[in-house]
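Chains as they are written, first to last, in this note's numbering: chain B, 11 to 199; chain U, 6 to 258.
Everything below concerns the one structure shown next.
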């Protein structure tokens with residue numbers, strides 16, 4: 011738009027102002043090769059580059075570098091902490107296993123002791139009982155022997171009495187010695 | 006002559022002014038352009054600075070361990086250029102990282118701002134890119150002599166080549182060395198200018214109803230390409246800077 015108006019001015023007035031003619035000529039060729047704008051572009055470029063360099067080197071790059079380093083540090087620390095926790099968990103598991111094994115062997119030991127105690131008690135009780143039984147048996151045998159002796163005596167007495175009575179009843183005179191000898195003979199078989 | 010050319014174009018019913026977008030104009034009034042005059046160059050370079058600050062400073066102000074979107078972009082840009090410097094130049098090139106980052110951020114922001122409609126692309130001007138290109142060239146050459154003394158000339162003396170070939174190669178190497186800043190700067194300015202001019206030409210064709218759909222499609226396609234070019238040219242400029250810097254630090258082939 012601007013160039014068109016300048017162009018019109020250029021066409022209308024043969025002696026256009028220097029600026030207008032200059033602009034029109036510029037529009038036709040390559041503006042890149044218009045040397046008159048070079049100092050301006052170079053000046054502002056240098057200013058821009060310096061500003062960007064200062065911003066980057068003073069603020070942006072140290073900050074981003076710090077962020078990246080901090081992140082790397084955090085990740086490394088987290089991994090180390092995780093390793094540490096893992097090792098601790100393994101330790102805890104080992105301790106648990108050890109405690110379990112200890113408890114099991116202790117229990118086995120206690121059970122064995124108890125079994126031995128009970129066995130000893132049992133043995134003592136059995137021995138006592140055996141002794142009691144033997145004593146009672148002896149007593150019983152003695153009683154039986156007494157009873158048996160008593161019975162033989164009684165048989166002997168009854169046999170003598172009976173024999174004396176029989177002799178008296180048959181009209182004889184019982185002779186105690188003869189009857190005793192006969193009874194003894196018969197009882198012995 | 007110029008006015009005649011314009012008249013002929015307008016007579017044809019089409020008005021193409023693909024180069025008008027590159028004209029440097031004063032921001033206030035209509036005067037001659039002195040070196041200090043605030044022009045559209047000033048405006049768009051200031052916007053570039055603001056873009057750089059917004060990208061790298063404002064977005065990282067929270068210094069979050071878990072980054073926000075903006076902070077991620079800043080970190081990616083940092084990591085991208087840092088890794089480039091480290092990989093291409095080597096560990097001893099890291100101390101020049103802020104300078105290279107400055108160049109990269111300026112070029113990439115200026116390129117992308119230039120893609121806004123009705124904007125002015127500062128990097129499409131050879132004056133701008135040549136200052137950067139020659140700046141890199143002189144900085145690298147002076148640095149090479151400071152760091153390596155006369156051994157820096159070993160860059161031109163290809164010791165792995167047969168002795169008879171070495172003088173010839175030295176001349177070729179010397180020429181290629183001095184062409185570096187020219188190609189370095191013209192590559193960027195040329196790419197930016199050509200892309201924007203082609204966009205304008207396609208936009209001009211959109212004035213004709215019959216081919217307008219094709220022209221609009223063309224504008225869209227070229228714009229997509231230009232987005233790519235805007236980044237790639239910034240990348241290329243930066244990585245070549247790193248390569249030249251490596252040559253200065255380690256001149257032996």
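The beta carbon of each residue, even a glycine, is placed where N, CA and C say it ideally should be.
Asked                                                                                                                                                                                   : Found
Give a yes or no on whether the minimum CB-CB distance between residue 80(U) and chain B is below 8 angstroms.                                                                          : yes
How many Å lie between residue 187(U) and residue 72(U) at the Cα?                                                                                                                      : 40 angstroms
Where does the unbroken alpha helix (DSSP H) through residue 81(U) begin, and where does it stop?                                                                                       : 74-89
For the stretch 48-58 of chain B and the stretch 41-52 of chain U, state whether three or more C-beta atom pairs, one from each stretch, are separated by less than 8 angstroms.        : yes
When we look at the beta-carbon of residue 176(B) and count the other beta-carbons within 10 Å, is it buried (16 or more) or exposed?                                                   : exposed
Please confirm if residue 130(U) has its CB atom under 8 angstroms from at least one CB of chain B.                                                                                     : yes
Please classify residue 23(U): does DSSP put it in a helix, a strand, or coil?                                                                                                          : coil
Where does residue 31(U) fall in DSSP's three states?                                                                                                                                   : strand
Checking contacts by CB at 8 angstroms: is residue 91(B) closer than that to chain U?                                                                                                   : no
Using the Cα positions of residue 41(B) and residue 181(U), report the straight-line distance between them to the nearest angstrom.                                                     : 28 angstroms
Decide if the stretch 192-208 of chain U is in contact with the stretch 227-236 of chain U; the criterion is three or more beta carbon pairs, one per stretch, under 8 angstroms apart. : yes
Quick one: residues in its chain with C-beta nearer than 8 angstroms to the C-beta of residue 139(U), no 5 flanking neighbours on either side, listed in chain order?                   : 186, 190
Contact criterion: CB-CB distance below 8 angstroms. Does residue 50(U) meet it with respect to chain B?                                                                                : yes
Could you tell me which chain B residues have their CB closer than 7 angstroms to the CB of residue 40(U), listed as they occur along the chain?                                        : 49, 50, 53
Since residue 279(B) meets chain U, which of its residues come closer than 7 angstroms, beta carbon to beta carbon?                                                                     : With chain B covering only 11 through 199, there is no way to say anything about residue 279(B).
Does the structure place the stretch 88-107 of chain B close enough to the stretch 95-105 of chain U that three or more beta carbon pairs sit under 8 angstroms?                        : no
Quick one: measure Cβ to Cβ for residue 193(B) and residue 164(B), integer angstroms, because I've assumed they're closer than 8 angstroms.                                             : That belief does not hold up - the Cβ atoms of residue 193(B) and residue 164(B) are roughly 12 angstroms apart, past 8 angstroms.
Under 7 angstroms from any heavy atom of the ligand MG, does the C-beta of residue 171(U) make it?                                                                                      : The ligand MG is not among the ligands present in this structure, which contains no ligands whatsoever.
Count the other CB atoms within 10 Å of the CB of residue 170(U); is the residue buried (16 or more) or exposed (fewer)?                                                                : exposed
Determine contact between the stretch 111-131 of chain U and the stretch 49-60 of chain U, defined as no fewer than three beta-carbon pairs at a distance below 8 angstroms.            : yes
Taking all protein chains shown into account, decide if residue 93(B) is buried (16 or more other Cβ within 10 angstroms of its Cβ) or exposed.                                         : exposed
Grouping DSSP H, G and I as helix and E and B as strand, with all else coil, what is residue 32(B)?                                                                                     : The pLDDT assigned to residue 32(B) is 45, lower than 50, so where the model puts this residue is not dependable; a value taken from the coordinates is nonetheless given after this. Residue state, collapsed to three classes: helix.
Given a threshold of 16 other Cβ atoms within 10 Å of its Cβ, counted over all protein chains shown, does residue 38(U) qualify as buried or as exposed?                                : buried
Measure the beta-carbon distance from residue 74(B) to residue 225(U) and round it to whole angstroms, keeping in mind my assumption that it falls under 8 angstroms.                   : In fact, because the Cβ distance is near 35 angstroms, the residues do not count as touching under 8 angstroms.
Helix, strand or coil: which one does DSSP assign to residue 256(U)?                                                                                                                    : coil
Whose Cβ in chain B lies nearer than 8 angstroms to the Cβ of residue 104(U)?                                                                                                           : 63
According to DSSP, residue 44(U) sits in a beta bridge with which residue or residues?                                                                                                  : 31(U)
What span of residues does the alpha helix (DSSP H) with residue 95(U) cover, start to end?                                                                                             : Counting along the chain, residue 95(U) falls outside any alpha helix (DSSP H), and DSSP gives it neither H nor E.
Would you verify that the beta carbon of residue 84(B) is, or is not, closer than 8 angstroms to some beta carbon of chain U?                                                           : yes
In chain order, what residues of the same chain have a beta carbon less than 7 angstroms from the beta carbon of residue 257(U), not counting five sequence neighbours either side?     : 159
Are the stretch 243-258 of chain U and the stretch 141-153 of chain U in contact at 8 angstroms, needing three or more beta carbon pairs?                                               : yes
I want to see whether chain B comes within less than 8 angstroms of residue 240(U), judged by CB atoms only; does it?                                                                   : no
Determine the contact status of residue 66(B) and residue 107(U), defining contact as a CB-CB distance below 8 angstroms.                                                               : yes
Straight-line CA distance for residue 209(U) to residue 128(U)?                                                                                                                         : 23 angstroms
Can you list, in chain order, the stretches of the alpha helix (DSSP H) that have 4 or more residues and sit fully within the stretch 38-69 of chain B?                                 : 48-65
According to DSSP, is residue 49(U) part of a helix, a strand, or is it coil?                                                                                                           : helix
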